[in-house]
Amino acid sequence: MNEVVPNRKEYDPRMHSTEHILNQTMVRMFNCGRAFSAHIEKKKSKCDYHFERNLTAEEITQIENQVNEVVKRNLPIQEKILRREEAGTIVSLARLPSEAGDSVRIIAIGDYDICPCSGVHALTTGEIGGFKIISTDCANGVLRIRFKINEQTGPKEVVHGNTGRDR
């Protein structure tokens, strides 16, 4: 799990970091778990959660405010490579493929979120810009949240995998 996802043309490291912040916000607000499915692209992205209803307008505003507050804190986004046993004491490894090996790449967003991840990320949350939920819908116990980020703020540098430095 310490192999970094290749940087595709439609991929935006800032959007991937935003997905992590949104996931932790949903866990904290609704105890619904992280997204079980996500499609992350540069212009807009979506996350699917196990949830029994659509969000209210007030809840959407609360989620946007919380995500934007984390972004404004300009938290560092750090990677660590841990032995599987050690990683399992810090984060859930339930979604980790069995062939992932003995080491696990962990991404920590300041003190807000930590989870295993093979994706490319921004260096800080401040690089993300503004977060906005475009739409939500719920059907058959699945809540889909579509979102975008402010395109005026660009990444200064991105994490390109195991750089060998602890940041």
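So for the sequence shown, the working numbering puts the first residue at 19; every next one is plus one. Virtual Cβ for every residue (Gly too), placed ideally from N, Cα, C. None of the values given here were measured: they were computed from a predicted structure.
Inset, instruction - Would you check if there are 3 or more beta carbon pairs closer than 8 Å linking the segment 117-124 to the segment 29-45? - result: Three or more beta-carbon pairs separated by less than 8 Å are not found between the segment 117-124 and the segment 29-45, which leaves the two stretches without contact.
Inset, instruction - Determine contact between the segment 71-87 and the segment 148-167, defined as no fewer than three beta-carbon pairs at a distance below 8 Å. - result: A contact exists between the segment 71-87 and the segment 148-167.
Inset, instruction - Ignore the nearest five residues each way along the sequence and tell me which others in R52's own chain have a CB closer than 6 Å to its CB. - result: The answer, listed in chain order, is N41.
Inset, instruction - Check whether the Cβ atoms of T143 and V89 lie closer than 8 Å to each other. - result: Pairing T143 with V89 gives a Cβ-Cβ distance under 8 Å.
Inset, instruction - Specify, as a first and last residue, the run of the beta strand (DSSP E) that K79 falls within. - result: In the sequence under discussion, the amino acid at residue 79 is Thr, which differs from the Lys named in the question. T79: not part of any beta strand (DSSP E); member of the alpha helix (DSSP H) spanning 75-90, first to last residue.
Inset, instruction - May I have the straight-line CA-CA distance separating E76 from L114, to the nearest angstrom? - result: Using only the alpha carbons, I get a separation of about 34 Å.
Inset, instruction - Measuring alpha carbon to alpha carbon, tell me which of K150, G128, C133 ends up nearest L141. - result: For L141, the nearest C-alpha among the options comes from G128.
Legend entry - Cβ distance (whole Å) where K60 is taken to contact M33 below 8 Å: With 8 Å as the limit, K60 and M33 qualify as a contact, their Cβ atoms being about 6 Å apart.
Inset, instruction - Would you mind sorting F165 into buried or exposed? The rule is 16 or more other CB atoms within 10 Å of its CB. - result: Looking at its Cβ environment, which holds 16 or more other Cβ atoms inside 10 Å, F165 is buried.
Inset, instruction - State the DSSP-derived secondary structure class of R46, mapped to helix, strand or coil. - result: Three-state result, R46: helix.
Inset, instruction - Have a look at A118, V138, D131, A56 and flag the residue whose alpha-carbon is nearest the alpha-carbon of V85. - result: Ranking A118, V138, D131, A56 by Cα distance to V85 puts D131 first.
Inset, instruction - Taking the CB atoms as reference points, tell me whether I167 and I146 lie closer together than 8 Å. - result: Yes, these two residues count as a Cβ contact at 8 Å.
Legend entry - Extent of the continuous beta strand (DSSP E) to which E97 belongs: That run of the beta strand (DSSP E) goes 95-101.
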